[in-house]
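Okay, structure first, notes after.
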Amino acid sequence: MYTFVDIFQPLSTAQFLLATILGILFIQSGLDKVFDRKGNLDWLNGYFEKTFMKGMVPMLVSVITLMEIAAGLLSAAGAIQFLFSGSTQLAVIGAQVAALNITMLFFGMRIAKDYEGAANMVGYFLLSIAAIYLLQV
974 MYTFVDIFQP LSTAQFLLAT ILGILFIQSG LDKVFDRKGN LDWLNGYFEK
1024 TFMKGMVPML VSVITLMEIA AGLLSAAGAI QFLFSGSTQL AVIGAQVAAL
1074 NITMLFFGMR IAKDYEGAAN MVGYFLLSIA AIYLLQV
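The opening position of the sequence shown corresponds to residue 974 in this note's numbering, with each subsequent residue numbered one higher.
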């Protein structure tokens, strides 16, 4: 039998919203790379032009796209699963994939010497680490 989680409890609210925001963030970002692959490739080819990664851009975009879509779908499905069963299993996996994805993006930004962009990723990384922790409480 399905029972709804009491979403008005502070911890439940935080868990649901963390999974939801990660779902929105990564589904949108992944779909942007799917629907504007050429634009993303063109921009990233220039971004990594002076690095050892310059010849790997198409493969890297494919990996990042798959990881973002996986993180987003797992997080969104986890938010729905949480509402109906109280289980955070999918949401935790989504947050873990999100944290790994952000780590990969952070690495690329550091290699490209985009230190400001990399610094901006720290907030997203902390959000996903908080989600991993709070979804298991």
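For each residue, glycine too, the CB sits at the ideal point set by N, CA and C.
As the structure is a computational prediction, the values presented were derived from the model and not from experiment.
Report all residues from its chain with a CB closer than 8 angstroms to the CB of S1060; omit the five preceding and five following residues, and keep chain order.
Translated into the one-based positions of the sequence shown, residue 1060 becomes position 87. So the qualifying residues of the chain are Q1054.
So L995 and S1048 are supposed to be a Cβ contact under 8 angstroms. How far apart are they, rounded?
Taking the sequence shown and counting its residues from 1, one reaches residue 995 at position 22. Taking the sequence shown and counting its residues from 1, one reaches residue 1048 at position 75. Confirmed, Cβ separation roughly 4 angstroms.
Endpoints, the alpha helix (DSSP H) within which V1070 is located
If you number the sequence shown from 1, residue 1070 lands on position 97. From DSSP, the alpha helix (DSSP H) with V1070 extends over Q1062 to I1084.
From T1076 to A1092, what distance separates their C-alpha atoms?
Taking the first residue of the sequence shown as 1, we reach residue 1076 at position 103. Taking the first residue of the sequence shown as 1, we reach residue 1092 at position 119. In a straight line, the C-alpha of T1076 is about 12 angstroms away from that of A1092.
How many Å lie between Y1106 and D1009 at the Cα?
In the sequence shown, residue 1106 corresponds to position 133, counting from 1. In the sequence shown, residue 1009 corresponds to position 36, counting from 1. Taking the straight line joining both Cα atoms gives about 34 angstroms.
Count the CB pairs spanning the segment 982 to 989 and the segment 1025 to 1039 that are closer than 8 angstroms, and state whether there are at least three.
For the pair of segments examined, the segment 982 to 989 was found not to touch the segment 1025 to 1039: the number of CB pairs separated by less than 8 angstroms stays below three.
Look up D1015 in the DSSP assignment and say whether it is helix, strand or coil.
Indexing the sequence shown from 1 puts residue 1015 at position 42. In the structure shown, D1015 sits in a helix (DSSP, three-state: H, G or I).
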